[in-house]
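Chains as they are written, first to last, in numbering that gives the first Met the number 0: chain A, 0 to 550; chain B, 0 to 354. Heads up, the beta-carbon is just placed ideally off N, CA and C, and yes, glycines get one too. Values in this document were obtained by computation on a predicted structure and should not be read as measured data. Note sheet for the following structure.
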Amino acid sequence: MAIVEEPLELARESAAPPWTTVLHNWTTTVDHKKIGIMYVLMALVFLVIGGIEAVLLRWQLFWPRYDFVGPDAFNQLFTMHGTTMVFFMGMPILIGMGNYLVPLMIGTRDMAFPRLNALGFWATLFGGLLVYFSFATGGAPAIGWFAYAPLTERTFARSAATDLWALGLIVSGVGTTTAAVNFIATILGMRAPGMALHRVPFFVWTILWTSVQIVLVLPPLTAGLAMVLLDRNLGAHFFDVQNGGSALLWQHIFWFFGHPEVYILILPVFGMVTEIIPVFARKVLFGYEFMAAATAAIAFISLGVWAHHMFTVGMSRAQDLFFIVSTFLISIPTGIKFFNWLATMYGGRISFASPMLFCIGFLSMFLIGGLTGIMLGAAPFDFQLQDTYFLIGHFHFVLIGGTLFGVMAGIHYWYPKVTGRMLSERLARWQFWLLYVGFLLTFGTMHITGVLGMPRRIYTYDADRGWALLNQLTTLGAIIQVPSFIILVYNLFASLRHGRPAGDDPWDAWTLEWSTTSPPPAYNFEVIPTVHSRRPLWDLKHPDDPDWQYE
Amino acid sequence: MIALLLANADGPTQNLSIFDPASPPAESIRQLSVLVLAITAFIFIAVEGILIYSIVRFRRRGATATGEPPQVYGSKPIEIAWTAAPALVVFVLVLVSARTLWEVNVPPPQPRERDNTLFATVVGRQWWWEYTYDHYNGRALGFTTANELHVPVSEEGIPRPVFLTLKSADVCHSFWVPRLAGKTDLIPGRINSMWFQTDRTGLYLGQCAEYCGTQHANMLLRVYVDTPDKFEHWLELQQKDRWPDKDDPRLRDERVRAGEKAFLAQSCINCHAVRGTPAKGTYAPDLTHLMSRRTLASGMIPNDPDDRPLDDLKGSKLLEWVADPQPIKPGCLMPSFGLGDRKRGDIVRYLLTLR
């Protein structure tokens, strides 16, 4: 349907189609670009919802023994905040950007299975709605986003909210898995002539490995959630300790998904940053092969580190040691990536347009998240830090400092391609600095609160604990971040009309998506390009000194 | 800003810092953490330094630059170098982590005669702590109390370690007193253990560190480290059944007797136990020596003083709690029983005699 071209330029301009037609076009589309845009919009809506939940949480913690939302609402809010941000913001926005970009970057006309692609999006969206329907049962689930058994058993979570939560995650999990299968098929089977697997743009490479991880770890989560539903509704006893079930089993199942999930949320961002830094440093990526190998290594090692979330459950020392080693090992390929990014910038001619600004935000903040991760990986240190605000600080440095800053870099970089207009640089700078300062204040402070003994997920605390001022600073930081997101949303919509026209290639970049028009036509490329190197547009722009001589 | 400072000024601030350990496991972890912090700080400074240097040194200056900078595709020796260097750091980190792990994670020994060791079992419950004292100095104990853990202090040459067996009666909890040791989870269907030992008397605070439902925030931990004499005295008292002090004139009080009758006739005894009486509930805190505890509701509110006169209950926290626990600790598993003023007053007077 979406492939059908309007016959005449004039007809398009003379009368805008009625909104029902527009709605019909979008809801029935199988075009990877429209699906990608819908994924991103959905993720942004959930980002706003999850953000509002976060601000309410922070406000409750502003005063000791404060009675703003109370324990039940607080526990529901942090459950929904975590669930929303991981499953309905983080993954969809990355899958959406992958959806839009992968076919363009590898020089093809659509994903391998366009209808499956649409199914994936709608399943993700309806999964999200199902989870939010839980509010209609009188309150969202209050189980935490990793929902430790037996708190999810009927005995402790009596309302249907937990069932809706589990159902929603199963449905969206199906959507995510189909998207991953689709990526793998597309990347392995539909690359432009000449684009060998060792020449794909780096973002495509990371999406490939993310997809492999999704296919390996999402089905176990789905199985675990099915067990929860069976326990709750059909009297099964998987996690019901009184009847011989195992509470610990759930933790293993969940984190076997849950840890690779962190890499699912960060690998594509590594890919985006690896696309953007070379363009703004005007240098080819340093050490492509090592970066590629490091990505694959991370994908594999991350499957064997899950129990570092469980150092305090009383495993044997040998088991603890195994997960210490695997957790530390993963820092080696991550370090390789970091050094290669720095080496790419070194000796370049760096300009600080908004995408690069967010990349630098990513580099400076994600590093901290990585280093606090080393502290948490040292199991005995983790005995103290586990489940404290230090941990909350750590993983927000990874997921905001890492994922969110990287995604923002990507949005600012590819927005001109998607819309044909540039985003306002002035607004982007405001957005960046408010986010940067607010983020540092919020999550930097949390590390100290945690070291001073404050556990996560407590709805209030006594004044004599000495955590009040730190919590107030944290909340202040959260409030500083609010206008940043308002500016982002405003910039995204206002620039649609008022943005400077972008042209095909506003950043003077090197990958195939910049060789077609902005926005690209439904068929992406008039002629499928033939590539000879990792930077096909460099070869075009520098026929005297093409890349393939050096690869 | 002034409002912020004022809010934080009332009362002395308690110390729960993991960097102020008072027990060998917490001390081992602190030593490890200092080393890890030093290594990561070095990496942080080096990498952020290179990043800032690159940003400043290689920023584009003006629009005069023409053409592209030299393209460098990579370098195998450099890549190998910055793979090997982190690998070495990882090797060191694994070794020191393993050493600390073996120091901290000690399997509990068997109780022996004159071992000066306290063995207690902690059962996590929504949202309070049950403590059963098993052995001390080789002597079997076997009494149960709640929410306030008393342990003996170690002295020069006489270490008095405390080994806790950790269980849960409902959902997952985690026992965490930062200055004494790292946390260990209490997981239904599993038996965990942990240990600590300290040579400084006093009160050590902590709280449940694994989300366990509505009142997770108010599942507070209080560990009293007593001198050996005081601890022995406390043990002696706690081992006794009800009415330890026959000379207490309050026991002859009319209303205390009425209160006992009412207590034993109500559903109080389905959940609570008072040793030596028909009250044998095990679902809620043991009340045999309720007034020896300084707090109620798992450390959330102060208890009445144990010598409180019985004639006037005005301002009694215990009365407030018995009348309706829900406004104090919303969602806790003790309901309001809607007792009349007279009966409620009687019951509270009875409870006030449970020293």
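Chain A contact residues for residue i, given Cβ-Cβ distances below 8 Å
i: tryptophan 101/B; result: Arg316
i: arginine 355/B; result: Only positions 0 to 354 of chain B appear in this structure, which leaves residue 355/B out of reach.
Contact set between residue i and chain B, taken where Cβ atoms lie within less than 9 Å
i: glycine 405/A; result: Those do not exist, as glycine 405/A stays about 15 Å from chain B at its closest Cβ, beyond 9 Å.
i: leucine 341/A; result: Val46, Ile49, Leu50 and Ser53
i: methionine 374/A; result: Ser32, Val35, Leu36 and Thr39
i: tyrosine 549/A; result: Gln70 and Tyr72
Residue range of the alpha helix (DSSP H) that includes residue i
i: tryptophan 340/A; result: 330 to 344
i: valine 278/A; result: 246 to 280
i: leucine 511/A; result: Taken as a continuous stretch (DSSP letters only), leucine 511/A belongs to no alpha helix (DSSP H), as it is neither H nor E.
i: arginine 138/B; result: Arginine 138/B -> not in any alpha helix (DSSP H); beta strand (DSSP E) instead, spanning 138 to 145.
i: glutamine 75/A; result: 69 to 82
i: glycine 286/A; result: Note, glycine 286/A: premise wrong, no alpha helix (DSSP H); not H, not E.
i: asparagine 14/B; result: Counting along the chain, asparagine 14/B falls outside any alpha helix (DSSP H), and DSSP gives it neither H nor E.
i: leucine 426/A; result: 424 to 438
i: leucine 31/B; result: 23 to 56
Bridge partners - residue i, DSSP secondary structure assignment
i: proline 151/B; result: Asp225/B
i: serine 167/B; result: Gly123/B
i: leucine 129/B; result: Before going on, a small fix: residue 129/B reads as glutamate here, not leucine. Paired residues: Val122/B and Ala145/B.
i: histidine 134/B; result: Phe118/B and Ala139/B
Proximal residues of chain A, C-beta to C-beta of residue i below 9 Å
i: glutamate 26/B; result: Under the 9 Å cutoff, chain A gives no residues; its nearest Cβ is about 11 Å from glutamate 26/B.
i: histidine 215/B; result: Pro70, Asn74, Pro454, Arg456, Ile457 and Tyr458
i: lysine 316/B; result: Chain A residues near lysine 316/B: none, gap ~15 Å exceeds 9 Å.
i: proline 177/B; result: Gln383, Thr387, Val450, Leu451 and Gly452
Three-state secondary structure assigned by DSSP to residue i
i: valine 176/B; result: coil
i: threonine 82/B; result: helix
i: histidine 497/A; result: helix
i: proline 277/B; result: coil
i: tyrosine 522/A; result: coil
i: aspartate 464/A; result: Here residue 464/A is arginine; the residue named in the question, aspartate, does not match the sequence. DSSP places arginine 464/A in helix when its eight states are reduced to three.
i: leucine 92/B; result: helix
i: valine 71/B; result: coil
i: isoleucine 479/A; result: helix
i: proline 301/B; result: strand
i: leucine 5/B; result: Residue confidence is low: leucine 5/B scores 44 on pLDDT, short of 50, so the model does not pin down where it sits. No coordinate-derived value is stated.
i: tryptophan 62/A; result: coil
i: alanine 378/A; result: helix
i: alanine 1/A; result: With a pLDDT of 48 at alanine 1/A, under the threshold of 50, the predicted position of this residue should be treated as unreliable, though the coordinate-derived value follows. Coil.
i: isoleucine 552/A; result: Because chain A is modelled from 0 through 550, residue 552/A falls outside the range shown and cannot be assessed.
i: isoleucine 157/B; result: strand
i: phenylalanine 336/B; result: coil
Delimiting residues of the beta strand (DSSP E) encompassing residue i
i: methionine 193/B; result: 191 to 195
i: phenylalanine 118/B; result: 117 to 124
i: aspartate 184/B; result: 183 to 185
i: leucine 215/A; result: Run containing leucine 215/A: none in the beta strand (DSSP E); it sits in the alpha helix (DSSP H), 201 to 233.
i: glutamine 206/B; result: 201 to 206
Residue i: contacting residues in chain A (beta-carbon distance under 7 Å)
i: proline 187/B; result: Pro149, Val240 and Ala246
i: isoleucine 42/B; result: Leu370
i: tyrosine 130/B; result: Within 7 Å Cβ-Cβ: nothing; tyrosine 130/B doesn't reach chain A, min ~19 Å.
i: phenylalanine 86/B; result: Looking at the sequence itself, residue 86/B is alanine, so the reference to phenylalanine does not match. Ile331, listed in chain order.
Neighbouring residues, chain B, relative to residue i (Cβ below 7 Å)
i: valine 312/A; result: Asp184 and Ile186
Neighbour list for residue i in chain B, Cβ cutoff strictly below 8 Å
i: aspartate 463/A; result: Gly10, Pro11, Thr12 and Gln13
i: aspartate 319/A; result: Leu100 and Asn104
Check your understanding: Is the segment 190 to 210 of chain B in contact with the segment 150 to 162 of chain B, if contact means three or more CB pairs nearer than 8 Å?
Key -> yes
Check your understanding: Do the segment 29 to 44 of chain A and the segment 82 to 97 of chain A make contact, defined as three or more Cβ pairs closer than 8 Å?
Key -> yes
Practice item. Spell out a yes or no on whether the segment 104 to 124 of chain A and the segment 136 to 155 of chain A are touching, meaning 3 or more CB-CB pairs, one atom from each, closer than 8 Å. Key: no
Review point. Is it true that the segment 68 to 77 of chain A meets the segment 499 to 506 of chain A, where meeting means three or more beta-carbon pairs spaced less than 8 Å apart?
Key: no
Practice item. Determine, using beta-carbon pairs with one atom in the segment 40 to 54 of chain B and one in the segment 203 to 219 of chain B, whether at least three such pairs fall under 8 Å. Key: no
Practice item. Evaluate contact between the segment 354 to 369 of chain A and the segment 316 to 324 of chain A, counting only Cβ atoms and requiring at least three cross-stretch pairs below 8 Å. Key: no
Check your understanding: Does the count of Cβ pairs from the segment 322 to 330 of chain B and the segment 247 to 254 of chain B closer than 8 Å reach three?
Key -> no
Check your understanding: Is the segment 388 to 399 of chain A touching the segment 102 to 115 of chain B, taking contact as three or more C-beta pairs under 8 Å?
Key -> no
Review point. If you pair each beta-carbon of the segment 159 to 167 of chain A with each one of the segment 203 to 216 of chain A, do three or more pairs fall below 8 Å?
Key: no
Review point. If you pair each beta-carbon of the segment 283 to 298 of chain A with each one of the segment 168 to 182 of chain A, do three or more pairs fall below 8 Å?
Key: no
Review point. Would you call the segment 427 to 436 of chain A and the segment 475 to 492 of chain A in contact, with 3 or more CB pairs under 8 Å?
Key: yes
Review point. Below 8 Å, can you find three or more Cβ-Cβ pairs linking the segment 24 to 33 of chain B to the segment 365 to 380 of chain A?
Key: yes
Exercise for review: Determine, using beta-carbon pairs with one atom in the segment 95 to 106 of chain A and one in the segment 28 to 35 of chain A, whether at least three such pairs fall under 8 Å.
Suggested key: yes
Check your understanding: Are the segment 193 to 203 of chain A and the segment 251 to 270 of chain A touching, with three or more C-beta to C-beta distances below 8 Å?
Key -> yes
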